[in-house]
Each structure stands twice: as structure tokens, then as C-alpha cells.
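**Student:**
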Amino acid sequence: MTELSMDDEFKTLRKFDAGKGREAFFYSLPALEEKGIGEMSRLPVSIRIVLESVLRNCDGQKVRPKDVESLANWNAKAPANEEIPFVVARIVLQDFTGVPLVVDLAAMRSAVKRLGRDPKIIEPLVPVDLVVDHSVQVDFFGSIRALELNLDMEFKRNRERYQFLKWGQQAFKTFQLIPPGIGIVHQVNLEYLAKGVLSAQVTINNQPSTVYFPDTLVGTDSHTTMINGLGVVGWGVGGIEAEAGMLGQPVYFLTPEVVGVHMSGQLREGVTATDLVLHITQLLRGQKVVGKFVEFYGEGAASLPVPDRATIGNMSPEYGATMGYFPIDQESVAYLRATGRSEEQCLAFENYFRAQKMFGMPLKGEIDYSVDIDLDLAEVQPSVAGPKRPQDRINLPDLGKTFRALLEKPVRDGGYGKQNVDLREKHLVELNGSAPRNGEMASTDKKEDQGINPGDELNKIEMVSNRPTPDSGKEIEAESSDVFTHGRTHVGHGSVLIAAITSCTNTSNPSVMIAAGLLAKKAVERGLRVDPGVKTSLAPGSRVVSDYLHKTGLQKYLDQLGFNLVGYGCTTCIGNSGPLHPNIEKTIHKYDLVAASVLSGNRNFEARVHQHIKANFLMSPPLVVAFALAGRVHINLSREPLGKDKDGNETFLRDLWPSLSEIRDAMQTALSPETFRKLYRDFADQNPKWNDIPSSAGDIYQWEEKSDYIHEPPFFKDFSMEPGHIEEIRGARALGIFGDSVTTDHISPAGAIKETSPAGKYLKSRGIEPRDFNSYGSRRGNDLVMTRGTFANVRINNLMVPGTEGGVTKYFANGEGEEMSIFDAAMKYAETNTPLVILAGHEYGTGSSRDWAAKGTRLLGVKAVVAASFERIHRSNLVGMGVLPLQFPDGTTAQSLGLDGSEIFSIVGLSETIKPGQTVTLGIEGKDRQKRSVPVKVRIDTPIEIDYYRHGGILPFVLRQLLLK
Ligand code: SF4
Numbered sequence: 026m027t028e029l030s031m032d033d034e035f036k037t038l039r040k041f042d043a044g045k046g047r048e049a050f051f052y053s054l055p056a057l058e059e060k061g062i063g064e065m066s067r068l069p070v071s072i073r074i075v076l077e078s079v080l081r082n083c084d085g086q087k088v089r090p091k092d093v094e095s096l097a098n099w100n101a102k103a104p105a106n107e108e109i110p111f112v113v114a115r116i117v118l119q120d121f122t123g124v125p126l127v128v129d130l131a132a133m134r135s136a137v138k139r140l141g142r143d144p145k146i147i148e149p150l151v152p153v154d155l156v157v158d159h160s161v162q163v164d165f166f167g168s169i170r171a172l173e174l175n176l177d178m179e180f181k182r183n184r185e186r187y188q189f190l191k192w193g194q195q196a197f198k199t200f201q202l203i204p205p206g207i208g209i210v211h212q213v214n215l216e217y218l219a220k221g222v223l224s225a226q227v228t229i230n231n232q233p234s235t236v237y238f239p240d241t242l243v244g245t246d247s248h249t250t251m252i253n254g255l256g257v258v259g260w261g262v263g264g265i266e267a268e269a270g271m272l273g274q275p276v277y278f279l280t281p282e283v284v285g286v287h288m289s290g291q292l293r294e295g296v297t298a299t300d301l302v303l304h305i306t307q308l309l310r311g312q313k314v315v316g317k318f319v320e321f322y323g324e325g326a327a328s329l330p331v332p333d334r335a336t337i338g339n340m341s342p343e344y345g346a347t348m349g350y351f352p353i354d355q356e357s358v359a360y361l362r363a364t365g366r367s368e369e370q371c372l373a374f375e376n377y378f379r380a381q382k383m384f385g386m387p388l389k390g391e392i393d394y395s396v397d398i399d400l401d402l403a404e405v406q407p408s409v410a411g412p413k414r415p416q417d418r419i420n421l422p423d424l425g426k427t428f429r430a431l432l433e434k435p436v437r438d439g440g441y442g443k444q445n446v447d448l449r450e451k452h453l454v455e456l457n458g459s460a461p462r463n464g465e466m467a468s469t470d471k472k473e474d475q476g477i478n479p480g481d482e483l484n485k486i487e488m489v490s491n492r493p494t495p496d497s498g499k500e501i502e503a504e505s506s507d508v509f510t511h512g513r514t515h516v517g518h519g520s521v522l523i524a525a526i527t528s529c530t531n532t533s534n535p536s537v538m539i540a541a542g543l544l545a546k547k548a549v550e551r552g553l554r555v556d557p558g559v560k561t562s563l564a565p566g567s568r569v570v571s572d573y574l575h576k577t578g579l580q581k582y583l584d585q586l587g588f589n590l591v592g593y594g595c596t597t598c599i600g601n602s603g604p605l606h607p608n609i610e611k612t613i614h615k616y617d618l619v620a621a622s623v624l625s626g627n628r629n630f631e632a633r634v635h636q637h638i639k640a641n642f643l644m645s646p647p648l649v650v651a652f653a654l655a656g657r658v659h660i661n662l663s664r665e666p667l668g669k670d671k672d673g674n675e676t677f678l679r680d681l682w683p684s685l686s687e688i689r690d691a692m693q694t695a696l697s698p699e700t701f702r703k704l705y706r707d708f709a710d711q712n713p714k715w716n717d718i719p720s721s722a723g724d725i726y727q728w729e730e731k732s733d734y735i736h737e738p739p740f741f742k743d744f745s746m747e748p749g750h751i752e753e754i755r756g757a758r759a760l761g762i763f764g765d766s767v768t769t770d771h772i773s774p775a776g777a778i779k780e781t782s783p784a785g786k787y788l789k790s791r792g793i794e795p796r797d798f799n800s801y802g803s804r805r806g807n808d809l810v811m812t813r814g815t816f817a818n819v820r821i822n823n824l825m826v827p828g829t830e831g832g833v834t835k836y837f838a839n840g841e842g843e844e845m846s847i848f849d850a851a852m853k854y855a856e857t858n859t860p861l862v863i864l865a866g867h868e869y870g871t872g873s874s875r876d877w878a879a880k881g882t883r884l885l886g887v888k889a890v891v892a893a894s895f896e897r898i899h900r901s902n903l904v905g906m907g908v909l910p911l912q913f914p915d916g917t918t919a920q921s922l923g924l925d926g927s928e929i930f931s932i933v934g935l936s937e938t939i940k941p942g943q944t945v946t947l948g949i950e951g952k953d954r955q956k957r958s959v960p961v962k963v964r965i966d967t968p969i970e971i972d973y974y975r976h977g978g979i980l981p982f983v984l985r986q987l988l989l990k
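Numbered per my numbering, the sequence shown spans residues 26 to 990.
#1: If you follow the beta strand (DSSP E) that Phe-642 is part of, which residue opens it and which one closes it?
#2: DSSP three-state label for Gly-761, please.
#3: If you compare alpha carbons, which of Gln-920, Glu-64, Met-133, Ser-520 is closest to Pro-981?
#4: Can the beta-carbon of Gly-221 be found closer than 9 Å to that of Gly-244?
#5: Let me check understanding here. Comparing Cα to Cα, which of Gly-345, Pro-666, Thr-199 lies closest to Ile-147?
#6: Spatial neighbours of Val-128 within its chain, please: CB distance less than 7 Å, with the 5 preceding and 5 following residues excluded, ordered by chain position.
#7: Going by the C-beta, is Ile-599 closer than 8 Å to any heavy atom of the ligand SF4?
#8: Do you know offhand how far Gly-377's Cα is from Gln-355's?
#9: Among the residues of its own chain, which have a CB less than 7 Å from the CB of Ile-762, if the five just before and after it don't count?
#10: If you check the beta carbons only, do Ile-969 and Lys-413 fall under 9 Å apart?
#11: What does the alpha-carbon distance come out to for the pair His-575 and Leu-681?
#12: Alpha carbon to alpha carbon, how far is Asp-177 from Ser-721? Give it in angstroms, no decimals.
#13: Leaving out five residues on either side along the sequence, give the residues of the same chain with a beta carbon under 8 Å from the beta carbon of Pro-415.
#14: Determine the direct distance from the alpha carbon of Phe-708 to that of Arg-900, and round the result to whole angstroms.
#15: As a quick exercise: from Met-386, Asn-902, Val-284, Asn-175, pick the residue whose alpha carbon is nearest that of Pro-104.
#16: Go to Leu-431, then tell me how far its beta strand (DSSP E) extends in each direction, as first and last residue.
#17: If we ignore side chains and look at the alpha-carbon of each, how far apart do Thr-829 and Glu-107 end up?
#18: Taking the C-alpha atoms as reference points, what is the distance between Gly-311 and Ala-346?
#19: On the criterion of 16 or more Cβ atoms from any shown chain inside 10 Å, does His-248 qualify as buried, or is it exposed?
#20: For the region 885-899 and the region 779-786, state whether three or more C-beta atom pairs, one from each stretch, are separated by less than 8 Å.
#21: Would you kindly check if the distance between the Cβ of Arg-334 and the Cβ of Gly-254 is under 9 Å?
#22: Going by beta-carbon coordinates alone, are Ser-357 and Gly-256 separated by less than 9 Å?
#23: Output yes or no for whether 9 Å exceeds the beta carbon distance between Leu-989 and Met-746.
#24: Take the Cβ of Val-634 as the centre, count every other Cβ of all protein chains shown within 10 Å, and call the residue buried at 16 or more, exposed below.
#25: Suppose the cutoff is 7 Å on Cβ atoms and the five residues either side in sequence are ignored; what does the same chain contact list for Arg-985 look like?
#26: Can you confirm whether the region 164-183 touches the region 216-233 when touching is taken to mean that 3 or more C-beta pairs between the two stretches lie within less than 8 Å?
#27: With a CB to CB cut of under 7 Å and the five nearest residues on each side skipped, what residues in its chain are close to Glu-375?
#28: What residues are listed by DSSP as bridge partners for Pro-110?
#29: In the DSSP assignment, the alpha helix (DSSP H) including Pro-646 goes from what residue to what residue?
#30: For Glu-631, I'd like the list of residues in its chain whose CB is within less than 7 Å of its CB, leaving aside the five on either flank, ordered along the chain.
#31: State whether the region 519-534 contacts the region 609-626, with contact taken as three or more CB pairs (one from each stretch) at a distance under 8 Å.
#32: The ligand SF4 and Cys-83: does any heavy atom of the ligand fall closer than 8 Å to the residue's C-beta?
#33: CB-CB under 7 Å to Lys-669, same chain, minus the five flanking residues each way: which ones, in chain order?
#34: Within 9 Å of any Cβ in chain B, is that where the Cβ of Gly-749 sits?
#35: Quickly, what does DSSP pair Thr-37 with across the bridge? List them, please.
#36: Would you check if there are 3 or more beta carbon pairs closer than 8 Å linking the region 536-556 to the region 579-587?
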């Protein structure tokens, strides 16, 4: 429970019974309606929950009365074109995006200390939970020791980051850290962190009182929407927005349309929640729900248990919606009880939403939605999706023929462009032997080429254990020193080489996990085996899954098929699938094979799952096991056998598929609230590796010169209480001119660091070998690496240097322009205090929201980005970092103006009195001294953003506010 000071601008505070005789207050939406403001019962439930936050936080400054009135009068068919200031109740982070946020908080504390003030004034104002789940990789698998060995590797690779996070854990009161090896952020959120309603101690009429409000959040991971399945409003945001939310600032978003999906009927026998979410993804992708809320309702929605709803909520980013929301009903309360939440919590949750008249699944016609869509659950078919996009659903029996067709389809039409393929043709791969040095490919032909570097743990893979080789039938023992497998396999187009039960999307759903276990049991009992060429893995999103798989006795069957536990983390879902056997990689390369992965994840863009696997199919966990057994994707599982049993009889999917009643029986015996309580109690103490990590103590982080993962960013260098002035920019040079659709990954790549790039050279200068560079993603706590990595994506095209790729530009201070890296040019311009601009086309900053895309831009010295249009979050992140976004008039671009980067730019008309959306002038002086001017729109969209810009960004703005208190 937190302590808050409350305003009651609209006089809507009312009492309710929070259960067990506890009288408490809430901001009543029905009371708002009684005052003639809005018609609550017709509003989508998701809008009502956001409205409650706007009403409760209305203080006349951050949230104005007109914000309340505008949202209360939400017009389904024509939502107001206004930004909603949404103050969320809590924040969730994962470790990739969380580390730089904690670095910023630590840097703010250091700045406050330098000013002679108490650093503890820097404290998240809302609870923050960081779950370390993104770093574990599947290096070891198919062994009972895989979990332990992968965890060892994870701790070795990430020690510095983890040391830092441990400091953060003890330094901030409102910051809770869930260490590695516990679970995946969204599953942990669903099973443990989410409370449904939260409460705060307040003083009302001079009496200490309790006020309840809905649990709402934003998270720095796009699948934060999984929590929508529990009736909690929340979605993924960029780091800078999350940081603002942490420090009590609203998260701003445009008033959305809400698409109502009316669900009727029930899922048929044999159809899983995964099939349903793939169906919905395809359906809604076709309906263009980008930027909209989706709300599921109707008797079909009421029939779905919360884990099924959560699976559907999880994949909102894949169907494009901001949220995929399910209103609160009896199922929501039942889930809270079943997962060990206290009786007080469950009662408060139910009673609160009843008092708000928001309890129960809405039926058709009760709510006004912007768009109405009908979905009959009985129509959903067993499916997979792929091979490149989650929305490309394929009915299960059609997979074989679809794959064959895609194989021969031209590349330009989305196929693989292979001619005259004989799918029976396979290539023998010997799996004996050991790892090559430094990741180079081992040779299938020359065994003497296969060297091993015993010290290089990164190259070790333990391939199979306890899994008989198909030809010998012998058990293979797992040895951590025994690198790679024994045996042989045959690989061709469509061979399944990765079979991963992965991703919180599905591992949070006991019905599909138990179905996978039951299918494995039947397969083992019939004597079926998985080919040793398939890299099998099981990475659940919490230890509860292991508990019920053990209680039901199903884990041992999964183990026998190679689906041993590899870790509690994102693994294959985030692309941490680890290397394949080098001989397999070599064979794929040599014959240019279109090999396949099958996974229960949510994204399958090329190279996301594994760089050597071109066809990636999303599917339910039991289907992952089935395809691992079949070993290929060019198969019709409704007609063709997936293997032969021990007596040589053909075995079909229907022989192995568990019935609904088998699944239900197993679930009933295995799931108990006490298990959840036990496993989430004292999780920190249950992790000796984490406890062994030494960590510094104290309120201030002792920045270490020797660290190349954590470095104090310069955002608060020379910080003073005086905000800057908004003034014209003169004498600026172009650092880059880009075309359309430059993504945040172009601007700030997350992947590998090239040896010859500025970041690579820097790391080498620090004595770091290229094999230890790790990725940009893992070095987001170090501005020195990230700034050098900005605009360093190998695929970015700077039109100032036509025909080149990568972060190259021309430095124009002297003569004709000298070609050099963007980072080097920026540093040279900094020597002369030359301001910089970026010029770009449409949709600048699309793709994943990535805070370093804005932070790196700022640290390179870019003062303004002039684009034809901006992606929403990146635009706000630029303002959040004090970089001015300017928009060309329609039809104007750098190309239409004939700019080549040799010009000198000015931005005229900027002043202290600037207004959101105002037009200013972009002055352009060519080499020939000719001057031109173009009107450009200031894309600072709200009054608060003017403040952010004046202060040099959100962080200095908030810091000054805190120091003034
Ligand atoms: S498992 Fe996948 S969806 Fe879930 S948090 Fe990890 S990366 Fe995101």
C-alpha cells in the first residue's frame, strides 16, 4: 500500500465495502455520471479504467478537468483527437530495457548528491518490478543438467549487469527485482505481481483512510498486454515513457478507438488457446486495429478461463492493437484465488469492480464500440502460423502443401525461390565431435578441422542425453565436458531443427503445457523418439509449470523426448535459441536449405528465432512436440503418420492427442493456490547464484571506470536548477539524410557489434576481444558504447554518401566533405560546438520503441530531426530527450529540396513562447551561398512537452521538480 495525497476535483469519492468489513473509498465513475458527465455504462470497460485514473489524478496541472470531461464523453465513432494523460499505478520492466532505466535513476542520484542534496529524493513514485528473464540462452539442452548449465552461462555473461541491478535492488525502496531463474516477466506479472486493485493510505476529512483503484501499468516489453487477460489495463511503452511513468509523469496517448470483438460459442475438442490466438491475430490484422484498443466480450469471452484470455492479450502487438482487453468477471476472481492471492485481495477486487458497476462480462449491445466484430469460437481450427509472420495462419492439415508451395514461390512474392525441389533429398550430418573455435563452422567432411577451445564456454553445446540415437538405440550420457552429441541425422528442406516450448504467451497456460506433457507421454509409451538433429527445449515462464509437470508425472516423458527444462526465461521467443550443432549449420549453409523451427512463441520474422533457420512456425506446445517427433514441416498431420511405434506401426497425431477431459483431470490434480504462494514466497533466497553475486551497497552507485556494461551517462553533467532557453538554432550541419521508414533498429541497433564499427573499435581499445563484444542490447547500460552505436546499423543508408551502407556520413566543415563514421563526424562537430540536424522521410522511428534511439541521437549532438512524418513513440521520445522534432509540409522531403548534406541549416522562429504544433522556418544555405526557407511544423504536441523541451528532456524536468520540493 502506498501513501498518496488525493484531490477530489469532481467530488466523486465514495465509500464501498472492500470485504471483511473493511470500509474504503474509491473514485466513483457512476457518481461522475450522476453529475451529468458521460454515460458510463455505455463506455468500453477499458476506457472506464483509464478514465478512473484520469479522474483520480486530476490536479489541474498534470491532469486537467477538461481531460476528465473529454474522456468521459468518449465518442465511439469519433474519438476526440486529444492526448490522454494516463497516470499508471505501477511499472514492469525486463532486464534488457530495465538496466538503462536503473542507470538513469542512479545518474540522477549522483547528480543530486553533487548538488549537495539528499540523493534519496530520487525514488520511483510508483512501484517498479524488474524481472530478469531476457538474458538466458539455450546453450545446453536435452539434458537433466541443461537448466543448471544455462544458468551458469547466463551468470557468467551478465555478471556486471547483475551486480548493478543488485545495487539498485537495495538502493530503491519501491523497486523490486525478480532474479534470473524465476520466470518470465508477463507470466510472473499474471501469476504474482498483478493485484487487480491497489490501495493507498490517504487522509480524507482529516481521517486516515484507504482508497482503492484499479491495477494499471505500463511495461518496457510489448507483450505487457498479457495482463489484459486479467482485466488489468496495461501495455508496452518505450524506456523513456516508462521512466517518466516511474517518476509520476503521465503516459500520454491519443484517445483510442475501441474495437469490440463479440465472442460466441465455445472452442471445439482438440482446439487450443494457441489456435484461438492465431485465429484472432489473422482476423484482427485484416481489420487494421493498429493504435486501437480491442475489447473482447460476450458469452464466448465469458467461457474462456483467464489463462486463455491472457494468451490472447499477449499477442496484441502481433494483431497490432494497443491492448487486447477482457473485462473483469467471476473468472478473473477465480484466477486470483487459484493463484494464491489472499482472500482479502480477491474480495477487494470483486467488490471494487461491483461498486464501479464494471463487474461481469458485457453482452452484445450493452456497450458502444467504434467497430464491431463477431467471432464464433466454434469456427476456430487447429493451426500454425508462419513461416515469416504471426498473422499468416495455416490450418494444420495444409501446412505441408503450403510449405511446398512457398519453397518454390519466387522470393519477391514471399517464397524461397527454390526450383525442382525433391523433399525426399536429405543430407547426412554427423553429430559426433566437438565445437569449433570462436564459432567458426566445423567441417562435416574433414574431422581434423574440428578443433575445440576448452576455455571457450560459449562454444559448448550439450546436444542430447538420455535420448537414444535412432540407429544405435543406446542411451547417451550427458557430460558437461562432453561437447556436442553423438549420432547422425539427415537434414533437408523443411527439416525441423528447433522445437521449442517457449514464451509466456503459452507457458502461462496450464492447459496447453499439460497437453504437451500428455502428448509426450503417449509418444514415449508407444516408443516414439525425436531425431537427434532437432534442438528441443522447454523454457517455462515460471516454476509453477515445473511443479505441475512433475506432480502429474509428465516432465519425465518430456525429458525422454529431449524437452528437458533449459531455463525459466524468454530463450527462443526472443531469439536466444543458442547455436545449432556446427555440422548442421554447415550443411544448411552448404546446400542453402530452408530448415524449420517450430515454437510456441509469438514472433517469427526471419532471423528472429535463429539466423540459420528460414521457416519458423508458431504453434501450441503439444504441436511443438508433435512436429519434433515428425521431424519435418512438409507433412499433413491429419493424414500422414508422425512416426512409427516400437512395433513398427504407424502412429498418427490423433493417436497421441490428449482429450479435453484428460487435460482437465491432470490440471485438477496439479494446480493449487499453495503452490503459487510457496514458489513466489522468498524467491530471492531460493537462488544461490544470485545471492553469490557481490553487490555494492549505499544510496549512490559507485561508478566503476573499468566496467564496460555500466557507465554514468552524461545527461546530468553540469546540471543546474535553471532550465535552458528555447531559442533559434543557427549554423547547424546535417549528420544524416535518410529515406522513408527508418526504424529504431536502424537508429539504435540491438544486435551484434561489428569489429570495425566505432563501438567495436572502442571495445577493442578497452582490451575486449570481439568474441566478448556481446550485443548492443546487452550494453544499454553504457552510453559510451550506445552513442557509438547510434546510426551504426549496417543496413542504414545515409543519402549524404550514396551507395554506402552503415553509419557513414560526410563531415562538411572543410571543403568538399570528408567521409567518416557518423560518430566521428559528430565528435568533430562537437569540438566547434556545431549543432546537428537529421533529415528523414516518412515514418521516421518506426519499429520497436527503443529509448536509445532518442538518447543516442541526443548524445551525438543532434538538436533537431526534420522528417516527413514520425512514428508516435519515437517522436515523443525525442522530445523526452530534448531533441526537437520538426515536420516537413506534405510533399516536401530532403530529396524534393535537392539536399545533399553540404548545406548549413537554421531553425528560425523558435522562442520561449513557442506553442505546440506551431510553424517555424527551416533556413537552408547551400554551398553557393544561396538561401532558401521551408516552413516546418514543430512536433511538440502538448503543453507539457514544451516544458520537457525547455528543460532539455523529461529527466532534467522531473529532477528539477523534485529538487524544488
Ligand atoms: S517470452 Fe517472449 S513475449 Fe514473453 S517476455 Fe519474453 S520475449 Fe516477451
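C-beta atoms are modelled at their ideal positions from N, C-alpha and C, and glycine is treated no differently.
**Tutor:** In short:
#1: 640-643
#2: strand
#3: Met-133
#4: no
#5: Thr-199
#6: Close CB contacts of Val-128 within its chain, under the 7 Å cut and outside five residues either way in sequence, are with Ile-735, Pro-738, Gly-806 (chain order).
#7: Answer for Ile-599: yes, Cβ within range of the ligand SF4.
#8: It is worth fixing the name first, because residue 377 is Tyr in this sequence and not Gly. If I take the Cα positions, the gap works out to 13 Å.
#9: Asn-823, Leu-824, Met-825, Leu-864, Ala-919, Leu-924, Gly-926
#10: no
#11: 20 Å
#12: 22 Å
#13: Leu-303, Thr-306, Met-340, Glu-343, Asn-627, Arg-628, Asn-629, Leu-643
#14: 39 Å
#15: Comparing Cα positions, the closest option is Val-284.
#16: Counting along the chain, Leu-431 falls outside any beta strand (DSSP E), though it belongs to the alpha helix (DSSP H) covering 424-433.
#17: Rounded to the nearest whole angstrom, the CA to CA distance from Thr-829 to Glu-107 is 41 Å.
#18: 12 Å
#19: buried
#20: no
#21: In this structure, Arg-334 lies closer than 9 Å to Gly-254 by Cβ.
#22: In contact: Ser-357 and Gly-256 (Cβ atoms closer than 9 Å).
#23: yes
#24: buried
#25: Met-746, Pro-748, His-976
#26: no
#27: Val-358, Phe-384
#28: Tyr-277
#29: 646-655
#30: Lys-413, Lys-639
#31: Yes: the two stretches touch, three or more of their Cβ pairs being nearer than 8 Å.
#32: no
#33: Glu-675, Thr-676
#34: Considering every chain present, this structure includes no chain B. It has just one protein chain.
#35: BP columns for Thr-37 are empty, so no partner.
#36: yes
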